[in-house]
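Heads up, the thing below is written out as structure tokens.
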């Protein structure tokens, strides 16, 4: 029995064949036994890489357009680039190295050359070179192309997944995730929770490539992963799986029920989504609305600024599908941690505190205006609300509202229909916004607390950092007091307050949220029914604020 | 030897995509070497990564040279590409 311990980041137990997405951390041997053989391996890998890239370019040409296709063709040219190839060949000859070692070294060398250029665009090209080098190393080591080359669904293993990679995955092929790095806030974890499939992160080097193809058992609650379990472990796993299936059936009975406590307190139970594709999960889990529609997907998946019409279509389709239920769309929230090439954002030492989200929108009014126009146009087709992220100051909200007003005036002149009473809300995710909540509440229709960022800023703990462990504590009384302060200010001004961060789905905090008076919880679609079951068992009046002490 | 100079107007300069296409155009003429120079630094147009690493930006002037058996055809093709794409 091989037992590994990671962090459980998306609940559920599942078994399936282990499939490695990539072999980034595969051991690379430096010294070659036979240099001529290495040269031949490299030449063969080049041909394979070019064939893969040309096929990818062809696929893009059909699905994503000419521009992306040319990008992959450029990658194919990198594979054959005279200087790159010469660098690799001379390293193999002179230093007697393996092909993969030479490729990796040359890739780093050329990537470093680009990274050192004084131009943000060229700096970002270092990633292209590394991508090409990685592809060659993968081929040399016999790993499959990025993606899932398997007939049957698998447990996907990887070091970690980048947002752009998750876009390419065929989600019907994934039973669960097992990753070496990553935390509960990583992209893999968020994706897994949205999909409602089990995930274990942070397995580290215990997750070995050699396990590929073997049947693994993962438990997304305890963070355990087992290969070849002994009789006892297997039985425990089967029992848990059985219970999970029973629970699923029980939860199905929650559909169509109201989100109300035993003493009659009603809660708005909404969903967080990342793209129009997720709406089906919202509806099948019977949520009352969408509390956070992250609009970034439009920007991350595109090659250039998405047009007003493309955005309008995405927002309209979600609003129409939700059929009169509230859809809260958050305006652009990108920054140096969610890079989009065409924004040409400078590299930042500390992206969490840098030029991101509303700050970009207020600095680049044209981008903001396009999104607001699309949102207001879509407001004629459903119950849309607009939410601004990363607010710290009263003037920012005033400026956002002026931008909204300007867009409405334009639409009036053009005779385009929209809903003039579209609700406007803000994310409360900076300590500044908590302190200013009284004044901010006067300006907007609702607050939604982004607990992930609020925790990181309140506790001065980087949420992307794997090692902070016990220091990154979303249950910290400081975070819960910030919530209470925000809720009190909202209620004093007569507006509602919700939580759209990951904390909203934390059932152990539900009594605290009820005591604070949180009106709305927006969670992953898969968390709706379990939360509904808890809400319907709760008595709001008896909940206490003990955890704030 | 054939030569021309050109001031780049594309806001991104010689970025990855046009560099790739330019390298392709330059490679298509046998026995002819096409070079691109900026501020005294010259690279073969077929050397894609080196070409990008010149860091040519909007407003920079480049000198393009073709030398060899098919230099007339090469310089005409490259000039047409550069004028239309950069």
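Protein chains in written order, with my numbering: chain A, 1036 to 1584; chain B, 97 to 182. C-beta: ideal position from N, C-alpha, C; glycine also.
The C-beta distance from residue 1073 (chain A) to residue 1092 (chain A) rounds to 28 Å, too long to meet the 8 Å contact threshold. Contact fails between the segment 1488-1495 of chain A and the segment 1436-1450 of chain A, because fewer than three Cβ pairs, one in each stretch, are under 8 Å apart. By the neighbour-count criterion, in which 16 or more other beta carbons inside 10 Å mark a residue as buried, residue 1086 (chain A) falls on the exposed side. Against residue 116 (chain B), the close residues of chain A are 1105, 1108, 1109, 1112, in the order they occur along the chain (beta-carbon pairs closer than 8 Å).
Interface flag for residue 1126 (chain A) against chain B is unset, since no Cβ pair is found closer than 9 Å. At least 9 Å separates the CB of residue 1166 (chain A) from every CB of chain B. Residue 1496 (chain A) carries a coil assignment under DSSP once its states are collapsed to helix, strand and coil. Counting the other Cβ atoms within 10 Å of the Cβ of residue 1046 (chain A) gives 16 or more, which makes it buried. Minimum Cα-Cα distance from residue 1485 (chain A) among the listed residues A:1461, A:1051, A:1338, A:1314 corresponds to A:1461. Taking a contact to require three or more Cβ pairs closer than 8 Å, the segment 1209-1225 of chain A and the segment 1187-1195 of chain A qualify as touching. Going by DSSP, residue 1334 (chain A) is part of the alpha helix (DSSP H) stretching over 1331-1335.
Using a CB distance below 8 Å, the part of the segment 137-155 of chain B facing chain A consists of 140, 142, 143, 144, 145, 146, 148, 149, 151, 153, ordered along the chain.
In chain order, 1156 make up the part of chain A whose C-beta sits under 7 Å from the C-beta of residue 108 (chain B). Spatial neighbours of residue 1377 (chain A) in its own chain (CB-CB distance under 6 Å, excluding positions within 5 residues in sequence) are listed in chain order as 1339. Cβ-Cβ distances below 7 Å link residue 1350 (chain A) to 1364, 1409, 1410, 1413, 1419 in the same chain, with the five nearest sequence neighbours on each side left out; the list follows chain order. Secondary structure note for residue 1393 (chain A): its alpha helix (DSSP H) is the uninterrupted segment 1393-1398. Closer than 9 Å to the CB of residue 113 (chain B) there is at least one CB belonging to chain A. Close partners of residue 162 (chain B) in chain A (Cβ separation under 7 Å) are lacking, with about 17 Å as the shortest Cβ gap. Boundaries of the beta strand (DSSP E) around residue 1483 (chain A): 1481-1484. Within the same chain, Cβ atoms closer than 7 Å to the Cβ of residue 159 (chain B) are found at 99, 101, 133, the five residues on either side in sequence being excluded.
Between residue 1308 (chain A) and residue 1327 (chain A), the C-beta gap is smaller than 9 Å, which places the two residues in contact. Annotated as proximal: residue 1126 (chain A) and residue 1141 (chain A), with beta-carbon spacing under 9 Å.
For residue 119 (chain B), the residues of chain A that pass the 8 Å Cβ criterion are 1112, in the order they occur in the chain. Relative to residue 137 (chain B), the option among B:108, B:148, B:128 whose CA is nearest is B:148. DSSP places residue 152 (chain B) in the coil class of the three-state scheme, outside both helix and strand.
Residue-level contact check: residue 1170 (chain A) does not touch chain B, since none of the beta carbons of chain B fall below 9 Å from its beta carbon.
In the structure shown, the three-state DSSP call for residue 1461 (chain A) is strand. Interface flag for residue 1117 (chain A) against chain B is set, since a Cβ pair is found closer than 9 Å. Under the Cβ distance rule, residue 1399 (chain A) does not count among the residues neighbouring chain B, no pair being separated by less than 9 Å. Shown here, residue 1315 (chain A) sits in a helix according to DSSP, grouped into three states.
Under the DSSP assignment, residue 1305 (chain A) falls in the beta strand (DSSP E) whose first and last residues are 1303-1308. Note on residue 1153 (chain A): under 16 other CB atoms within 10 angstroms of its CB, so exposed under the neighbour-count rule. Check the Cα spacing between residue 1302 (chain A) and each of A:1269, A:1105, A:1553, A:1265: the tightest is with A:1553. Taking a C-beta cut-off of 8 Å against chain B, none of the residues of the segment 1381-1399 of chain A qualify.
By the criterion of at least three beta-carbon pairs nearer than 8 Å, the segment 1284-1304 of chain A is in contact with the segment 1563-1577 of chain A. A straight line joining the alpha-carbon of residue 1310 (chain A) with that of residue 1356 (chain A) spans about 13 Å.
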